[in-house]
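Undergrad: First residue of the sequence shown: 32, per our numbering; consecutive thereafter.
Attaching a single structure in structure tokens format; questions to follow.
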Amino acid sequence: MTLSCVNAEEKEVYRGKYLGKINSYHHQVSGDVYAVDEYTFLFINFNYDGNGADTFFWAGATNRPGPQGFIIPDEFGKTNMLERYFNKDFTLTLPDGKKITEIKWIAIYDLSSQNTFGDVYIPEEFEPPATQTVSQLTGKSHNVNSDSIEILDAKTIRILQFTYDGRGKDTHFWIGVGPQPSSKGSKVPDEHGYLDPLRGYTKEDVTLEIPGELTIFDIDWLSVFDVESKENYGSVIIPDGLNVPPSLVEVIVSVECRVQRELRLCDNP
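Here is the structure:
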């Protein structure tokens, strides 16, 4: 996906479910933490002066940070002692298949002194972002139908067991806003990234990427729509406020733009 920094910064990027600002106690620790999915955290603008003697990303299931816990590998997958961070954005994944729902906190913790330099707590009954299943395509013509539709993340839709007879003249996957599909919409590339009129499908699983800067939060419906006849062959309503993972492609673009701005290389004034 190619975005200019100007466009990427005009719209706030969805980063996942916000956990909160890091509680700062020592060593200039600060930043914001989001849950990306069941296993992964996103740190934004993270700071730490690097002066702890034996300091790690640390997590556990006790009521507050302490020696009972485990090391979370850093953004490179290493379990080395933490060095200095200055306004860094990165993801951390819990080790050994552990889930966010199994822990109560994540901390910047010094093992030798048993001091917590900063922490953020996981609320009780917290539900991390996950793939959400919505209804199936309601077919109107051309044999359009499907099983359930999965919203994999903020930009990715998977249609299970999709069927369409391929006989429309200028038919596309089509998204837009409003109570029902209309000609005021946008084409979605097919599963291969092409905008050609759709071929026939018989019970195929099809994964679609929402184009440009749009996300699942910007649309009300997905349709199999014939542009020439302005006819909706079948559609599904997309519910509001789905608790899905962010598109990390989109997050990374935003991060890269901010870095470029700091280096005065970005075209954002």
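Ideal Cβ positions, reconstructed from N, Cα and C, are used throughout, including at glycine.
My assumption, with CB atoms under 8 Å, is that tyrosine 56 sits in contact with threonine 164. Please give the rounded CB distance.
TA: Actually they are not in contact, since the Cβ atoms of tyrosine 56 and threonine 164 sit about 41 Å apart, beyond 8 Å.
Undergrad: Three-state secondary structure (DSSP) at phenylalanine 248?
TA: Helix.
Undergrad: Run the CB neighbour count on phenylalanine 193, radius 10 Å, all protein chains shown included, and call it buried at 16 or more, exposed below.
TA: Phenylalanine 193 should be labelled buried.
Undergrad: If you drop the 5 nearest sequence neighbours on each side, which residues of the same chain put their C-beta closer than 7 Å to that of tyrosine 45?
TA: The residues are Ala185, Thr246, Phe248 and Pro277.
Undergrad: Rounded to whole angstroms, what's the CA-CA distance from phenylalanine 88 to asparagine 274? Just pull it up for me.
TA: When rounded, the distance between both Cα atoms is 26 Å.
Undergrad: Can you look up aspartate 271 in the DSSP assignment and give me helix, strand or coil?
TA: Three-state DSSP puts aspartate 271 in coil, outside helix and strand.
Undergrad: By Cβ distance below 6 Å, which residues in the same chain neighbour glycine 197 in space, the five residues on each side in sequence not counted?
TA: Counting only Cβ-Cβ distances below 6 Å, and skipping sequence neighbours, we find Arg230 and Gly231.
Undergrad: From the beta carbon of histidine 223, is the nearest beta carbon of chain C less than 8 Å away?
TA: In the displayed structure, chain C is absent; only one protein chain is listed.
Undergrad: Would you tell me roughly how many angstroms separate the C-alpha atoms of alanine 90 and isoleucine 131, rounded to the nearest one?
TA: Looking at the two C-alpha atoms, the distance is approximately 10 Å.
Undergrad: Look at the Cβ atom of isoleucine 75, then the Cβ atom of aspartate 120, and state whether they are nearer than 8 Å.
TA: Yes, these two residues count as a Cβ contact at 8 Å.
Undergrad: Would you say the segment 126-145 touches the segment 162-182, given that touching needs at least three Cβ pairs under 8 Å?
TA: Contact fails: fewer than three Cβ-Cβ distances are below 8 Å.
Undergrad: Please classify serine 254 as buried or exposed, where buried requires at least 16 other C-beta atoms within 10 Å of its C-beta.
TA: Buried is the call here.
Undergrad: Does DSSP classify aspartate 127 as helix, strand or coil?
TA: Of the three classes helix, strand and coil, the one that applies to aspartate 127 here is helix, per DSSP.
Undergrad: Would you call the segment 256-264 in contact with the segment 196-212, where contact means no fewer than 3 C-beta pairs closer than 8 Å?
TA: As far as the Cβ criterion goes, the segment 256-264 touches the segment 196-212, which means the pair count is three or higher.
Undergrad: With DSSP collapsed to three states, give me the class of threonine 93.
TA: In the structure shown, threonine 93 sits in coil (DSSP, three-state: anything other than H, G, I, E or B).
Undergrad: Below 8 Å on the Cβ atoms is my contact criterion, and I expect threonine 124 with threonine 71 to pass it. Report the Cβ-Cβ distance as a whole number of Å.
TA: Their Cβ separation, rounded to whole angstroms, is 5 Å, which keeps threonine 124 and threonine 71 in contact under 8 Å.
Undergrad: Name, in chain order, the residues that DSSP records as bridge partners for phenylalanine 101.
TA: According to DSSP, phenylalanine 101 bridges with Ala90.
Undergrad: Hey, proline 228 and glycine 199 are a contact pair by Cβ (cut 8 Å); roughly how many whole angstroms apart?
TA: Rounded, the Cβ-Cβ distance is 7 Å, consistent with contact.
Undergrad: Assuming isoleucine 53 contacts glycine 149 (C-beta within less than 8 Å), just tell me the rounded distance between them.
TA: Yes, they are in contact, since the Cβ atoms of isoleucine 53 and glycine 149 sit about 5 Å apart, within 8 Å.
Undergrad: Could you pull the start and end residues of the beta strand (DSSP E) that lysine 218 belongs to?
TA: Looking at the DSSP string, the run of the beta strand (DSSP E) that includes lysine 218 is 217-219.
Undergrad: Is the beta carbon of proline 242 closer than 8 Å to that of proline 210?
TA: No; because the gap between Cβ atoms is not below 8 Å, this pair is not in contact.
Undergrad: Could you give the DSSP three-state label for leucine 296: helix, strand or coil?
TA: Caution applies to leucine 296, whose pLDDT of 49 falls short of 50 and renders its modelled position unreliable; the value that the coordinates give is listed next. If DSSP states are grouped into helix, strand and coil, leucine 296 belongs with coil.
Undergrad: Give the secondary structure of leucine 34 by DSSP, where H, G and I count as helix, E and B as strand, and everything else as coil.
TA: Any reading at leucine 34 must be qualified, since the residue scores a pLDDT of 38, below 50, and its modelled position is unreliable; the value itself is stated next. If DSSP states are grouped into helix, strand and coil, leucine 34 belongs with coil.
Undergrad: Closest by CA to glutamine 59, which one among Tyr49, Glu43, Tyr79 and Asp68?
TA: The shortest Cα separation from glutamine 59 among Tyr49, Glu43, Tyr79 and Asp68 belongs to Tyr79.
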